[in-house]
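Data block below; observations after.
Residue numbers (this note's numbering): 1458 to 1903.
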């Protein structure tokens, strides 16, 4: 393909492909340990085998996802060196610490995960077994923290001086704890918890739709929808802080995401719409003052427009749609989970109807789509920089002519991995239905 004859474009597309695939497993890998831990804790507290069984079954699926996440994570590390050699030459010694700590956090998690799985039924006191999950959840969360600080550094470089084209006076700690780190880390972790909860809720709702009216699935749905609501609201609050970070430190990204071209006070927030050649938005939903509030908590505040920046530094305009996808799905999931929670408290039966459960099922993939849109916006919104204000993507990329070939090889690998995961997970749970496992444990099969 002619498009893949450009090594810079090929490098971008291969990195995009790998990150998109990896984010699925990384998100669930961060979010699921907390869900497992909460389920087991509730089971111990209520002396309820159903919740214990949730933890046990979710842990099995988690192991499969972790295994694939190792492969895709390794691919990312490999591609950093092969596709972006100039970036690694310039900044490799700055980001080496968080990259190493991310690997350490993963092994810390993996060791205790292995012990946790091996010691099922080997503790008379389930509380002791539950304690093994704490380092698993901490390790997963810290892994997300360390790798996200690298992304934060790329958006808000800090902790070095540039002398003769080289980074000197490097402070890895200052680089890690750059101004982007707090909001980015909090947003990544909260969305991982939210997505894991809604994916598990989608599975439970699907099983109920398919005719398995087992109380196990009803309890799983009820718990995960409540957890999803909590973390969806937390994500919205953290997202507000992220908007204020962008307004202060990356105003060009916020302006592109909102198609905000002229610096003005009382700036409206625009959702969706079509941008014409004259930078006019048609068919958009305009919310008065909302952009000024998002950026500065003041409806009359001035918001910097994109035209304040050279055209060659403008992010691509399609990031607006990525932002809108993320926001729209986030608000929808809050509304859906809030409706579920309120209806269950009031005893309204519409949430037990199949049409509502299908909405919950749809919420699983929608939550993952929102995660993908958020990451795409983060990366495309930083363009043309790979290291904002220091090095462009064009300067960082390899000049090898074989990257296009690698794209198709990795695409084939990810296709095989994706199909393999689906087959393995289906086999694991089809061969061990929850009714059978509960019967073996002496639990209620109703």
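Even glycine gets a Cβ: it sits at the ideal position worked out from N, Cα and C. As the structure is a prediction and not an experimental result, all values here were calculated from the model.
Residue i bridges to which residues according to DSSP?
i	result
residue 1624	1619
residue 1848	1844
residue 1738	1732
residue 1744	1726
residue 1760	1721
The alpha helix (DSSP H) that contains residue i, what's its start and end?
i	result
residue 1566	1542-1575
residue 1726	Careful: residue 1726 lies outside any alpha helix (DSSP H), inside the beta strand (DSSP E) at 1726-1728.
residue 1664	1638-1666
residue 1811	1811-1837
residue 1805	Counting along the chain, residue 1805 falls outside any alpha helix (DSSP H), and DSSP gives it neither H nor E.
residue 1696	1672-1706
residue 1894	1891-1897
residue 1612	1590-1612
residue 1774	No alpha helix (DSSP H) holds residue 1774; DSSP gives it neither H nor E.
residue 1859	From DSSP, residue 1859 is part of no alpha helix (DSSP H); its letter is neither H nor E.
residue 1469	1464-1503
residue 1631	1629-1633
Please check if any C-beta of chain D sits within less than 8 Å of the C-beta of residue i.
i	result
residue 1776	The chain inventory of the structure shown lacks chain D, comprising one protein chain alone.
Return the CA-CA distance between residue i and residue j, expressed in angstroms with no decimal places.
i	j	result
residue 1902	residue 1895	Bear in mind that the predicted position of residue 1902 carries a pLDDT of just 48, short of 50, making it too unreliable to give a figure here.
residue 1579	residue 1482	29 Å
residue 1791	residue 1757	28 Å
residue 1465	residue 1750	38 Å
residue 1497	residue 1651	18 Å
residue 1636	residue 1613	7 Å
residue 1534	residue 1847	21 Å
residue 1503	residue 1509	10 Å
residue 1571	residue 1718	53 Å
residue 1824	residue 1861	31 Å
residue 1866	residue 1801	49 Å
residue 1877	residue 1704	43 Å
residue 1688	residue 1640	15 Å
residue 1773	residue 1553	30 Å
residue 1890	residue 1645	33 Å
residue 1561	residue 1697	32 Å
residue 1811	residue 1662	9 Å
residue 1468	residue 1668	47 Å
residue 1905	residue 1657	Within the shown structure, residues of the chain are numbered from 1458 to 1903, placing residue 1905 beyond reach of any answer.
residue 1771	residue 1682	39 Å
residue 1853	residue 1546	9 Å
residue 1768	residue 1707	15 Å
residue 1515	residue 1489	8 Å
residue 1494	residue 1850	41 Å
residue 1620	residue 1564	37 Å
residue 1567	residue 1595	11 Å
residue 1543	residue 1537	10 Å
residue 1733	residue 1798	42 Å
If you compare alpha carbons, which of the options is closest to residue i?
i	options	result
residue 1722	1761, 1781 and 1686	1761
residue 1592	1619, 1657, 1532 and 1487	1487
residue 1643	1719, 1584 and 1599	1599
residue 1559	1531, 1581, 1574 and 1536	1531
residue 1787	1820, 1812, 1799 and 1755	1820
residue 1875	1470, 1523 and 1766	1523
residue 1872	1463, 1528 and 1490	1528
residue 1690	1647, 1574 and 1623	1647
residue 1505	1587, 1676 and 1881	1676
residue 1423	1520, 1840, 1584 and 1499	Nothing about residue 1423 can be read from this structure; the chain reaches only from 1458 to 1903.
residue 1793	1588, 1815 and 1782	1815
residue 1827	1782, 1810 and 1804	1782
residue 1785	1472, 1748, 1729 and 1766	1729
residue 1492	1551, 1597 and 1563	1597
residue 1609	1634, 1841, 1809 and 1736	1634
residue 1577	1566, 1590 and 1701	1590
residue 1485	1709, 1741, 1655 and 1869	1655
Give me the Cβ distance between residue i and residue j, rounded to the nearest whole Å; I'm assuming they're in contact under 8 Å.
i	j	result
residue 1727	residue 1739	That pair is no contact at about 11 Å.
residue 1863	residue 1780	Going by Cβ atoms, the distance from residue 1863 to residue 1780 rounds to 30 Å, so no, they are not a contact pair.
residue 1713	residue 1838	6 Å
residue 1605	residue 1617	Actually they do not touch by this definition, with Cβ atoms about 19 Å apart.
residue 1716	residue 1753	That pair is no contact at about 19 Å.
residue 1607	residue 1556	7 Å
residue 1885	residue 1513	Contact doesn't hold; Cβ gap of about 12 Å is too wide.
residue 1649	residue 1601	7 Å
residue 1479	residue 1526	7 Å
residue 1829	residue 1477	6 Å
Could you give the residue range of the beta strand (DSSP E) that holds residue i?
i	result
residue 1719	Segment: none, residue 1719 is in no beta strand (DSSP E) and carries neither H nor E.
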